[in-house]
Amino acid sequence: MSKRVVIIGGGMAGTRLAELLGPSYDVSVLGDEGFYHRTRLTEYVAGRAVEPVVSKGYPAIRIDRGNGVVVDGKGMASYYDHLVFATGAEPIVPVGIEGHHVLRSAADAIAIVERGRNGREDACEVHGIDFTPWQT
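Residue numbers are given in my numbering: position 49 of the sequence shown equals residue 532, and the series is strictly consecutive.
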């Protein structure tokens, strides 16, 4: 029987870990959004990729460590032998700068593109130390 791993966090770290574990493990990934390639977000913002399609995700809402189970927002139970928290971090946004956006999700990318369509196409700077800005 393969080991069961529940990963809480469907971002880049959580999905990459799921890929690395491969078929040797029974892996469940829980997060607010369904899976999509977040590394392609900058390509979408730059006009070199189609708009990301994101399915509904189900975040973890309860953890029972004694029984090794995580319950998601749909009420489904995922049993685990190993539990991983890959929930990321919140971006630090400079104070006093108008019109800034973070690029952490498909919704962020869509908002940036919409802003460009509404008259600010020439003004875009990318700052950050996360993997996503490096792709631009």
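Even glycine gets a Cβ: it sits at the ideal position worked out from N, Cα and C.
Whole-Å CB distance - residue i paired with residue j, under 8 Å assumed
i: residue 513; j: residue 493; result: 7 Å
i: residue 563; j: residue 551; result: 5 Å
Backbone CA spacing between residue i and residue j [nearest angstrom]
i: residue 667; j: residue 581; result: Residue 667 falls outside the range modelled here, since the chain spans only 484 to 619, and no answer is possible.
i: residue 573; j: residue 485; result: 34 Å
i: residue 557; j: residue 575; result: 31 Å
i: residue 521; j: residue 594; result: 15 Å
i: residue 545; j: residue 559; result: 10 Å
i: residue 504; j: residue 498; result: 10 Å
i: residue 587; j: residue 578; result: 18 Å
Residue i in three-state terms, based on DSSP
i: residue 513; result: strand
i: residue 564; result: coil
i: residue 553; result: strand
i: residue 488; result: strand
i: residue 527; result: helix
i: residue 496; result: helix
i: residue 544; result: strand
Beta-carbon proximity list for residue i, same chain, < 6 Å, skipping 5 on both sides
i: residue 508; result: 485, 486 and 488
i: residue 566; result: 489
Contacting residues, own chain, Cβ-Cβ under 7 Å from residue i (five flanking each side not counted)
i: residue 538; result: 517
Same chain only: Cβ atoms within 8 Å of residue i, ignoring 5 sequence neighbours per side
i: residue 555; result: 513, 541, 542, 543, 544 and 561
Neighbour flag for residue i against chain C, beta carbons, 9 Å
i: residue 590; result: Protein chain content of the structure displayed is limited to a single chain, and chain C is not contained in it.
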